[in-house]
Amino acid sequence: MTGTSKRPSEGRIDEGETVHRRTRALAAALAVATIVPLAACSTGEGSGPPVLTWYINPDNGGQAAIAASCSEASGGAYRIETSLLPRDAAAQREQLARRLAAKDASIDLMSLDPPFIPELSEAGFLAPVPEDVATATTQDVVQGAIDGSTWKGELVAIPFWANTQLLWYRKSVAQAAGLDLTQPVTWDQIVTAAQDQDKYLAVQGAKAESLTVWINALVESGGGQILENPEAPADELTLGLETDAGRNAARIIGEIGSSGVGGPGLPSEDEAASLTLFQGDKGSFMVNWPFVWSSTLGGVDAGSLDQALLDDIGWTLYPQAVEGQETRPPYGGISIGVGAFSEHTDLSYEAAQCIVSAENQASYMVSDGNPAASTAAYDDPAVQEAYPMYDVIRQSLEQAAPRPQTPFYNEVSTGLQQTWYPPASVTEDGTPVTSTEFITAVLRGERLL
Amino acid sequence: MSADTRGARRAQPEPDPASGTSPDLVPDKKAKAARSDRARAEARLGWYLAGPAFVVMLAVTLYPILQAVYDSLFNYKLTAPDDRTFVGLGNYAVILTDFVWWRDFAVTFFIMVVSVVVELVLGFALALVMHRAIKRLRGPLRTAILVPYGIITVVSAFAWFYAFDITSGYVNSWFDWVPGIGPDLNWFAQQGTSLFVIIASEVWKTTPFISLLLLAGLAQVPSDLEEAAKVDGATAWQRFSRVIVPNMKAAIMVAVLFRALDAFRIFDNVFIMTNGANNTEVLSLLAYRTSIGQLQIGMGSAISVLLFLCVIGICFVAIKLFKVDLAGARGER
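Taken in order, these protein sequences are the chains called Y and Z.
Be aware that the first sequence starts at 1, since it is given in the numbering used here, and climbs by one per residue.
Be aware that the second sequence starts at 1001, since it is given in the numbering used here, and climbs by one per residue.
Set out below in C-alpha cells:
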C-alpha cells in the first residue's frame, strides 16, 4: 500500500476514474453473487409435500430411519427431515432454547430430554398438545415417561423412549466377592466388594449432567428430593439436600471419590468412559444406561471385545442407597416436542404420533439400545431377544425417579455440579450445606454460576 | 509464507529506478497542486474501498457492543422475557464481588502470561530458523512450521484432549519414564495438569502465528547493520541482543500484544478439555455459560462488557506504557 502510493504513475486521475468504475462493477457483481445463492436457500420448500424438520439427538441412525418410514407412511402428506443436535444434553438444550427464543420456524419436531421440558414449556416454546393426541400417545406408556413430559398438570410433549440405569456387574467379580445379586444390593455393598477384589467401580463422576443424574438417584433412593417445591418461582425454591437423604448421598459419593475405588479416571468419567472402564481388566460394577449392552454386543461382533466378557456381564436393579429401602433409579429418555413457531403444528403432531408408535419404539430399542416408553414394546419378541434384561428395564422404569422438574433446572443442575465436584471433595456434613447455600443464592441472582 | 516476505520487502521504500531519486521529494508547485488533486481522488477512492468494510464493522461490532451494554443493565432471562427488570449496575456489582469472576480472571491471566512468554521464545527461535534456512529448505520448513496454525482450534483441542485422556490417551504410556507420569495420571482431574495441557495445546497451535509476525520483523532489520556489527567483532549473541532485537522491538511488541489479546479470550481449549472443571474456567467460558448456557442475557452481557473492558485495558497498557507502535510495525513510518 505504501509502496504504490509513493510510486509515480502518469494519467493517474483518469486511471483512478477507471478504477472507480471497475470497483463499482466488481462490487455489484459481488453483491449479486452473494445474494443469489442466499435467495436460492430461502426457497427450500419448492413443490412436493411440506418438509418437517426434526431436531434429533445423535444416535445410531434409528431416528433417521423412523423419519424415513413415517414420511413414506404419510402417503405424501409430509416429509420428515432430521437435523442433528449436539451430543450432550446440556448443549442440545442450549441450541434449542436459543433457536426457539429467536422464534425459529424451522423447528417442527424436536427430541427433548425430560429435565428441560418445563423450561421450554414455561417459556411458551412448545405448541400445545391436542387432546386426542395426548390421549392416544399416553396409553400403555410407563408412568415415568408421562410424568417427564408433563408440566403443571398438562402433557406438553409426547413420550418417545424412556431410559433408566441398571446396575451392571461382572459375574466373576461378584462371585469372588461373595455378593448375591439376586437380592437387592446397596451402594455400600458394591463399594466394599469392588475394594475387596481390588477393582474399580464405574460411576459417572465427570462435571456434567451425568453427575446430577447420580446425585438425584441417590437422594431419591434415600427417600428425599433435591427440590421440595419444583413448581415454585426461582426465589422461592427450597432444596432438600440438608436432609438424611441428602447427607447419605454425599457420604456415598464422597466415599467413592476419596477411597479411590472409582479409579483415577473418576473426575472425568462420563457414561462412555464408565463403559470402557467396566469392560477392562479392573471392571467390577457399573451403573449405566442400557446402551452399554448393545455397545458391548457391537464390540464383540466387531472382534474388539471377547465373547467371554459378554458372558461375564450380569445386570440387576440400581443399588439401594439405604438398605431395605426401595431404590429409585435414574430416569431419562426422550420426548417429542413440537415447536410453537412451526408452520405445520398439525402435521407435526400427526408425524409425532407415527414416530412414537409401539412398533417404532420396539425397532428403535433393538437398533439403538434406547428402551421404549411404551410397555407394549417390551412384549415384542425382537426386543426380548435383543435385550435379555427387558424385564429388569421395565421394572426399573416403573421405579425410576425423574430429575427435578423446574424451569430453573439448568441452574439447579449446574449448581449441583459446581458443589458436588470433584467426588473426592464431597463430604457428608459439608457438601449438602454449601450446595444449598450456593444454589439458593444463584436462584436469587446473588451469585454467579 | 512468501506473501509475508513480499509484504515485508514492499514495506521498505524503494528508490525510483528511472531517476534514482524519489519523485515525491522534488519541490514543484505544479506537482503540488496535482498531488492535492491526486490526494483527494485517492482519499475518495480510499473511502469507496474502505467504506463498506467500515459500515459492516459498525454493524457487526459497534451495534452488538452497545446492545450488550444496554442489556447488561437488566435482569433478563431469555426463557422468561416478560420478567425483565431494570437493575442498573446491579449485575456488575454481583460479578465484581463474586469469587468466581476473580478466580476466572486469575486463571485467564495466568494462561495469557505463560502462553505468551513461551510462544515468544519458541516463536523467536522458529522465526530465526525460517529466516536463516537455506533457500532450498525455506518453503517446506515454513509449511511445516505453519501446519498447526492451519488447524481449527476445536480440532486441535480434541486431538490434545484425546492424547492426554486417561481412557483413550497414549501420553501416559509413551511418557511413563517421566517421573510423575504413569497409567493412573488423570491429566484432567487437577488444576495444574489441566492447565498444562491447555497451555501446551495453545502454544503448539499459535506459536506459528507469533513466529510469522517476528519473521516479518526480522526481515525489516537492515542487513548492513548486522554486517557492520560483525565487522566490529560483535559475537553472535551481541548481534542478536544489541542489533536484531532493538531493531525489531516494534514487531515484537505487536506480536506480544496480538497474542496477549488472543490468549486472554481463550475459549475452545478449555471448553473442550475440561469445560471449566477443577478451577480451569476462563472468562470467555464464564460469559458463554452465563449467556448461552443459562440464557441469562443480562448477567452474561455484563460479563462480556467486563471482558471487553479487560481487553481494552490490555491494549491501553501495551500502547501507552510499553509504547507499542502499531503503525511502525506495519512499516508506515
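Built from N, CA and C at the ideal position, the CB exists for glycine as well.
Consider the Cβ of residue i: report whether some Cβ of chain Y lies at a distance smaller than 8 Å.
i       : result
Z:G1051 : no
Z:L1295 : yes
Z:N1269 : no
Z:N1075 : yes
Z:F1054 : no
Z:L1309 : no
Z:A1277 : yes
Z:D1071 : no
Z:D1098 : yes
Z:A1003 : The predicted model places Z:A1003 with a pLDDT of 39, which falls under 50 and marks its position as unreliable; any figure quoted below should be read in that light. False, the Cβ-Cβ gap to chain Y never drops below 8 Å.
In whole angstroms, what is the alpha-carbon distance linking residue i and residue j?
i       : j       : result
Z:K1135 : Z:Q1220 : 18 Å
Y:D140  : Y:A373  : 8 Å
Z:R1103 : Z:T1097 : 11 Å
Z:D1165 : Z:L1045 : 55 Å
Y:F125  : Y:S335  : 15 Å
Z:T1153 : Y:L181  : 48 Å
Z:T1167 : Z:S1194 : 15 Å
Z:L1066 : Z:L1128 : 43 Å
Y:N288  : Y:P329  : 10 Å
Y:Q197  : Y:V173  : 7 Å
Z:R1010 : Z:L1213 : At Z:R1010 the pLDDT is 40, less than 50, meaning the model places this residue with poor confidence and gives no usable figure here.
Z:K1205 : Z:P1148 : 5 Å
Y:D59   : Y:D368  : 7 Å
Z:L1049 : Z:L1257 : 28 Å
Y:L227  : Y:E220  : 10 Å
Y:Q307  : Y:I256  : 30 Å
Y:P50   : Y:L218  : 46 Å
Y:I158  : Y:I56   : 14 Å
Z:P1013 : Z:L1215 : With a pLDDT of 41 at Z:P1013, under the threshold of 50, the modelled position of this residue cannot be trusted; read the value that follows with caution. Distance between the alpha carbons of Z:P1013 and Z:L1215: 19 Å.
Z:G1276 : Z:L1285 : 7 Å
Z:M1057 : Z:Y1063 : 9 Å
Find out if the Cβ-Cβ distance for the pair residue i, residue j is shorter than 8 Å.
i       : j       : result
Y:W380  : Y:A362  : The sequence given here places Asp at residue 380 of chain Y; Trp does not occur at that position. For Y:D380 and Y:A362, yes; Cβs fall inside 8 Å.
Y:E326  : Y:Q143  : no
Y:W54   : Y:S74   : no
Y:A485  : Y:T345  : In the structure as shown, chain Y starts at 1 and stops at 449, and residue 485 of chain Y therefore has no counterpart that could be examined.
Y:G246  : Y:P432  : yes
Y:W420  : Y:I253  : yes
Z:A1236 : Z:Y1092 : no
Y:I107  : Y:L416  : no
Z:T1280 : Z:V1117 : no
Y:S258  : Y:Y200  : no
Y:G299  : Y:P114  : no
Y:Q204  : Y:E271  : yes
Y:Q405  : Y:L449  : no
Are any of the Cβ atoms in chain Z nearer than 8 Å to that of residue i?
i      : result
Y:G430 : no
Y:E119 : yes
Y:I13  : Because Y:I13 carries a pLDDT of 42, less than 50, the predicted location of this residue cannot be relied on, and the following value inherits that uncertainty. Interface residue, yes.
Y:L109 : no
Y:R447 : yes
Y:R403 : no
Y:E437 : no
Y:N288 : no
Y:A90  : yes
Compute the beta-carbon to beta-carbon distance between residue i and residue j, rounded to the nearest angstrom, for a pair I have assumed lies under 8 Å.
i       : j       : result
Y:M389  : Y:L166  : 7 Å
Z:A1144 : Z:S1201 : So it is not a contact: roughly 18 Å between Cβ atoms.
Y:N370  : Y:W161  : 5 Å
Y:T375  : Y:R394  : 7 Å
Y:P402  : Y:G148  : 5 Å
Y:A102  : Z:A1080 : No, Y:A102 and Z:A1080 are not in contact; Cβ-Cβ is about 15 Å, not under 8 Å.
Y:S348  : Y:L96   : So it is not a contact: roughly 15 Å between Cβ atoms.
Z:I1314 : Z:A1260 : 6 Å
Less than 7 Å between the CB of residue i and some heavy atom of the ligand GTP, yes or no?
i       : result
Z:L1309 : Judged by which ligands are present, the structure shown has none, so any question about the ligand GTP falls away.
| field | Completely contained beta strand (DSSP E) runs for the segment 107-140 of chain Y, where each covers 3 or more residues | value | 109-112
| request: Write down every uninterrupted run of the alpha helix (DSSP H) in the segment 1235-1303 of chain Z whose length is 4 residues or greater and which is fully enclosed by it, in chain order. | output: 1249-1264, 1268-1273 and 1283-1288
| said: At 4 residues or longer, what runs of the alpha helix (DSSP H) sit wholly inside the segment 129-201 of chain Y? | reply: 131-137, 143-148, 171-177 and 187-196
| request: Run through the segment 1139-1170 of chain Z for me and flag every whole alpha helix (DSSP H) of 4 or more residues, listed as ranges in chain order. | output: 1153-1164
| Uninterrupted alpha helix (DSSP H) stretches inside the segment 416-445 of chain Y (no shorter than 4 residues) | 430-443
| query | Which full runs of the beta strand (DSSP E) of 3+ residues lie inside the segment 1063-1113 of chain Z, going along the chain? | reply | 1074-1077 and 1080-1086
| query | In chain order, which continuous runs of the alpha helix (DSSP H) of length 4 or greater are located wholly inside the segment 311-357 of chain Y? | reply | 345-355
| query | Fully enclosed by the segment 43-86 of chain Y, which beta strand (DSSP E) runs are 3 residues long or longer? | reply | 51-56 and 79-84
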